[in-house]
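Novice: Questions regarding the structure given below will be posed in turn.
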Amino acid sequence: MILDFELLYNIYTQDFISLVQGEDFYTEFMNKARSGNSEVSYMHRFIDKQIDLTWVEAIEEAIIPLDNIIRNPRRFIVQEEEIVNIELARKISPESIRHLAQHTNMIAKVEEDTVTPNRILNIFKEESFETYENRFIYTLLINLQYFISKRLRAINDSVDGNNVTSILFKDNFKIGKENVKCTFEMTIDSPGFKMDSNLLDVDPEKLSKFQRIERIKKILYDFQNSPLIKTLHGTSLVRPPIMRTNVLQKNPDFKKAKALWDFIETYRDSGFNVEVTETNEIPSENYLADLYSTMVLNYSLLKHYIGNEGDYEPQKKRKIITPQLIERTFFDVLDDLTFDIDVVKKIFNEQVEKTSKKRQKREKEVLAVIDQAIKTEKKRKEDIERARLAELERQKAEKRAEQQRIRDEKKKKLEEEKQAKLLIKQEQQRLREEAKKKLEAEKLARQLEREEKKRLKEEEQKRLEEEKRRKAQEKQELQKALEKQKELERKQKEREKLKLQKEKQLQAEKERQRKIKEQQKLREQKAKELAQQKEDERKRKEREKLRLQKEKQALEEKERQRKIKEQQKLREQKARELAQQKEDERKRREREKLRLQKEKQALEEKERQRREREQQKLKEKQAKELAQQKEAEQKRKEREKLRLQKEKQALLEKERLRKAKEREKLKEKKAKEAALLKEKEAKIKAREKAKLEALREKSKKNN
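The numbering of the sequence shown is the numbering used here, which starts it at 646 and goes up by one.
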């Protein structure tokens, strides 16, 4: 309910004061009250929140570039290569043909113009957003949310105090036969800070400081719900120092995003100041006149409810009846009357006695009323003192309960941190043991591989010796056959060469046609995307307008739900991290198992090919030996690739542990900052409480 205090004050001064100002009693009371012994204490305490707009403006300048980046994300094509059985191949590409020409051991048979492989290279291509620049934007948004939330939390924790205005007025004066003591005290507490989340106008120039911060929070929340950021959720974050890629150095939007990153990395201030100002002032003459007017009203109310005896007697001209005047009046009466002198004396004495009794009775009644008023005032003060002591005791009990709650929370938090550290330590021990077992298994596998190679080498040497002996016998028989075979092979090579040239020309023509079609498609796609972007922009503005209207009503509920969700997310995040670690370990074991199975299959395939090569002719054996050398080189590369993948996984695991430690350090830092802010606020409240206690003690002494 909104009250018009000025209207109420005008009614009081114009209707009430104007009516009583002409009364003699009002004038006499005001003169006596002003001439009495009066004391006035008029105090203000004002809390001023001064926000440093440097960081707010730095973020606002980067909002439009960030919006442009998120609306037009950068993409790249991810290409994965895998050698599969011919039955599982999805598409035969030129790269597959080139790979097959380099690895002839994968050819099952050759007939005229037909080559039938048993295994072939399969290439998978997929569009991805996981570029370094996109991950940089994703990390920047996360850091911005933490940056803003940390400062808003500090602002909310540091402005719990209220603006206070206090007036204490005392007056002691005498009116008529009465000594009047008046004490008036009033204290007004008003909230020192309230965040306004009703953002009807999104123009930053028309908003207050806190509304601008709230607007930034809402925009960052929309960014987090964009398709790009949802796609990048869960990807690895970038770590400083930031790589100076061409995009980050030359693209204007990315340059501004990089400048914002550098700003929040180097900004170490709290971002705000809270200034508490206390002043003791002297009330104006008009204010004092109004206070004296309220004294008249309160005095009249008190006199009305305690009776007419002892009422104020206005000063007026009175005659003092001296004995001489009484005698003169008496003789005048005697001259006019013919009463007996004894009768007159008797009547006069009776009247004097009655008047004296009435005066004594009236004085007794006045004293009784005064005693009753003193008892009532004394009881009222005792009740006030008891209520004050009860309130102090209640506040002390609440403070003790709050301190106990804080101690319990700290104890619980320490226990949770201890439990988390224990779990991390156990997990690290388990990982070390598994790594040790893995190293032992790899060592054993290498030992078995060396032994297998040694055995194969010995068998190969025996086979070569046998082949030499057999070669000496078959040399003459094979000479003619070899010459004939060479001629046939030369013709076959010429045919294959012509065929490959035709295929290359055909493939080049197809590739050129494909590029032309792709360029045409890209132009059409860009035109469609431009039209779609305009339509999306129009729809987005309409949705933004509707969303702002809805958020105006739901913002308070969202804030409450957000706090609940943040607490829930922290618990779920811990559970997800543990589950993710278990899932990663399970996948790693499955990959290791698949790798061993593939190696086993590869060994079996080698054995089969070796037996087939033994049944072929000398020239085919020489060609296969060359193929074996190439295949060995390929396997070496594959093993090197697997080793690099393992090292990458180990580095990722180290990075995850490092981030967990950093999160723990950030939590401890936040707790320390919150404790310092609470301690500062407690000191301010203690000083205020001490001042109020001093004022109350001074009031008691004066009473």
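A virtual CB, placed ideally from N, CA and C, is assigned to each residue, including glycine.
Measure the C-alpha to C-alpha separation of residue 1187 and residue 1178 and round it to an integer number of angstroms.
Specialist: 14 Å
Novice: If you draw a straight line from the C-alpha of residue 1046 to the C-alpha of residue 1084, how long is it?
Specialist: 56 Å
Novice: Please list, in chain order, all residues of the same chain as residue 898 whose beta carbon is under 6 Å from its beta carbon, the five residues on each side excluded.
Specialist: Taken in chain order, the residues that qualify are 710, 713 and 714.
Novice: Would you call the segment 657-667 and the segment 805-820 in contact, with 3 or more CB pairs under 8 Å?
Specialist: Segments in contact, no.
Novice: Mapping DSSP to helix, strand and coil, what is residue 586?
Specialist: The displayed coordinates of the chain run from 646 to 1348. Any statement about residue 586 would go beyond what the structure contains.
Novice: Following the continuous beta strand (DSSP E) through residue 754, name the residue where it begins and the one where it ends.
Specialist: 752-756
Novice: By the 10 Å Cβ neighbour count, where 16 or more other Cβ atoms means buried, how is residue 860 classified, buried or exposed?
Specialist: buried
Novice: Please state the DSSP three-state secondary structure of residue 765.
Specialist: Shown here, residue 765 sits in a strand according to DSSP, grouped into three states.
Novice: With burial defined as no fewer than 16 other Cβ atoms inside 10 Å of the residue's Cβ, what is the status of residue 667: buried or exposed?
Specialist: Burial call: exposed.
Novice: Measure the CB-CB distance between residue 764 and residue 731 and report whether it falls below 8 Å.
Specialist: yes
Novice: Using the beta-carbon count (16 or more within 10 Å), is residue 938 buried or exposed?
Specialist: Classification for residue 938: buried.
Novice: For residue 893, which residues of its own chain have a beta-carbon under 6 Å away from its beta-carbon, when the five flanking residues on both sides are left out?
Specialist: If we look at residue 893 and ignore the five residues flanking it on each side, its Cβ neighbours are 899 and 903.
Novice: What do you get for residue 1128, buried or exposed, if any count of 16 or more other CB atoms within 10 angstroms of its CB means buried?
Specialist: exposed
Novice: Among 992, 1217 and 856, which has the Cα closest to the Cα of residue 1200?
Specialist: 856
Novice: Looking at the structure shown, is residue 949 part of a helix, part of a strand, or coil, going by DSSP?
Specialist: helix
Novice: Going by DSSP in three states, residue 776 sits in which element: helix, strand or coil?
Specialist: coil
Novice: Quick check on the burial criterion: 16 or more other C-beta atoms within 10 angstroms. Buried or exposed for residue 1075?
Specialist: exposed
Novice: Going by CA-CA distance only, name the one from 656, 680, 688 and 665 that's closest to residue 1337.
Specialist: The residue with the shortest Cα to Cα distance from residue 1337 is 688.
Novice: Are residue 785 and residue 865 touching if we call contact CB-CB under 8 Å?
Specialist: no
Novice: DSSP on residue 672, reduced to helix/strand/coil?
Specialist: helix
Novice: So, residue 872 versus residue 1152, is the Cβ gap smaller than 8 Å?
Specialist: Result no, Cβ atoms of residue 872 and residue 1152 do not sit closer than 8 Å.
Novice: If distances are taken between C-alpha atoms only, which option among 749, 799, 818 and 1160 comes closest to residue 1268?
Specialist: 749
Novice: Just reading off the alpha helix (DSSP H) that residue 1334 is part of, what are its end residues?
Specialist: First-last of the alpha helix (DSSP H) with residue 1334: 1263-1347.
Novice: Give me, in chain order, the residues of the same chain whose beta-carbon lies closer than 6 Å to that of residue 728; leave out the 5 immediate sequence neighbours on both sides.
Specialist: 764 and 766
Novice: From the DSSP output, read off the bridge partner residues of residue 808.
Specialist: 835
Novice: Apart from the five residues on each side of it in sequence, which residues of its chain come closer than 6 Å, Cβ to Cβ, to residue 682?
Specialist: 817
Novice: To the nearest angstrom, how far is the alpha carbon of residue 1092 from that of residue 1086?
Specialist: Pairing residue 1092 with residue 1086, the inter-Cα distance amounts to about 10 Å.
Novice: If you follow the alpha helix (DSSP H) that residue 867 is part of, which residue opens it and which one closes it?
Specialist: 854-869
Novice: So, with DSSP's three-state summary, where would you put residue 842?
Specialist: For residue 842, the predicted model reports a pLDDT of 42, less than 50, meaning its position is unreliable; a value from the coordinates is still stated below. Residue 842 falls in the coil class under three-state DSSP.
Novice: Rounded to whole angstroms, what is the Cα-Cα separation between residue 1028 and residue 1191?
Specialist: 57 Å
Novice: On the three-state DSSP scale, how would you describe residue 912?
Specialist: coil
Novice: Give me the residue from 758, 1155 and 1265 with the minimum Cα distance to residue 1131.
Specialist: 1265
Novice: Please classify residue 900: does DSSP put it in a helix, a strand, or coil?
Specialist: helix
Novice: Check the C-beta distance from residue 1033 over to residue 915 and give it rounded, since I have them as a contact under 8 Å.
Specialist: Incorrect: roughly 38 Å between the Cβ atoms, too far for contact.
Novice: Count the other CB atoms, across all protein chains shown, that sit within 10 Å of the CB of residue 762; report buried if there are 16 or more and exposed otherwise.
Specialist: buried
Novice: Below 8 Å, how does it come out for the segment 670-685 and the segment 742-761: are there three or more Cβ pairs, yes or no?
Specialist: no
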